[in-house]
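In my numbering, the protein residues as written are 125 to 363.
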């Protein structure tokens, strides 16, 4: 982990923690990459690796609008979205065990025991979020779920994180976001929130330079969990 200056947090300690899902809570990005590659080819789009990595963190609709426009594909948006979602559900059905990222459940439990409000803020469709939360058993930790379908603008716009903060009655400046994509980090910073960039090789080559802190494993956060400044407002609720 790079230098962590806790003194920077004293004026806005943590009121809530917002997690992206894919590549952050569960290592699902490699599954999605394979589905997307297959779907791109199915509709005649030659998407290279650099372009593909640029779509991490945004909604399916936004991704396909860009692909259809850039590669001049004549298929309709609803057609490609229907095909893509069907492939995702089929792929998830084949994967008998979708496992949470190592140590993330320990971190979630730590926050939950201290009654720190937690949210999932994912660009994925809500139906998919619910499937993954149920399959991994992580759903019980979260107070709020916001999907990319429920905001006007997806990541890198800040809407999804601002919506989650509002539902949790938390000030944006006192929210901590954990993200694995450039689009997600940009969304968090645009929302005025602190952001931990989670370097997940499965998420491709992501530029996380805008993040306040970079980690490669949740064990790094667990090692310093007792020094994370939790807002007195949260601690008062616990009392």
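The C-beta atom is built at its ideal place from N, Cα and C for all residues, glycine as well.
query	result
Is residue 169 helix, strand or coil when you go by DSSP?	coil
At 3 residues or longer, and completely inside the region 304–332: list those beta strand (DSSP E) runs for me, N to C.	318–322
Can you round the beta-carbon distance between residue 222 and residue 269 to whole angstroms, since I take them to be within the 8 Å contact cut?	Not a contact, Cβ separation roughly 16 Å.
Return the residue from the list 185, 162, 155, 147 that minimises the CA-CA distance to residue 278.	185
Ignore the nearest five residues each way along the sequence and tell me which others in residue 348's own chain have a CB closer than 6 Å to its CB.	none
Enumerate in chain order the residues of its own chain whose CB-to-CB distance from residue 323 is below 8 Å, with the five nearest sequence positions on each side excluded.	304, 330, 332, 338, 339, 340
Give the secondary structure of residue 125 by DSSP, where H, G and I count as helix, E and B as strand, and everything else as coil.	Since pLDDT at residue 125 reaches only 46, below the 50 mark, its modelled position is unreliable, and the value read off the structure follows with that caveat. Residue 125: coil per DSSP, three-state reduction.
In this structure, does DSSP put residue 191 in helix, strand or coil?	helix
Just to confirm the assignment, what range does the beta strand (DSSP E) spanning residue 245 have?	242–246
Please name the residue in 247, 195, 190, 206 whose C-alpha comes closest to that of residue 273.	247
Please list the terminal residues of the continuous beta strand (DSSP E) segment that includes residue 206.	Counting along the chain, residue 206 falls outside any beta strand (DSSP E), though it belongs to the alpha helix (DSSP H) covering 201–218.
For residue 151, does the three-state DSSP call read helix, strand or coil?	coil
What did DSSP end up calling residue 339 once you bin it into helix, strand or coil?	strand
Does at least one heavy atom of the ligand SAH sit under 7 Å from the Cβ of residue 224?	Among the components modelled here there is no ligand, and therefore nothing to report on the ligand SAH.
Should residue 255 and residue 145 be called a contact, given that it needs their Cβ atoms to be closer than 8 Å?	no
Between residue 311 and residue 288, is the Cβ-Cβ spacing less than 8 Å?	no
Could you check whether the region 197–215 touches the region 224–243, counting it as contact only if at least three pairs of C-beta atoms, one from each stretch, sit closer than 8 Å?	no
Name the one or two DSSP bridge partners that residue 299 has.	140
Using the rule of at least 16 other Cβ atoms within 10 Å of the residue's Cβ for burial, across every protein chain shown, is residue 367 buried or exposed?	In this structure the chain extends from 125 to 363, so residue 367 is not present and cannot be described.
Between residue 267 and residue 243, how many whole angstroms is the CB-CB distance? I'm expecting something under 8 Å.	6 Å
For the candidate residues 141, 199, 176, whose alpha-carbon lies nearest to that of residue 166?	199
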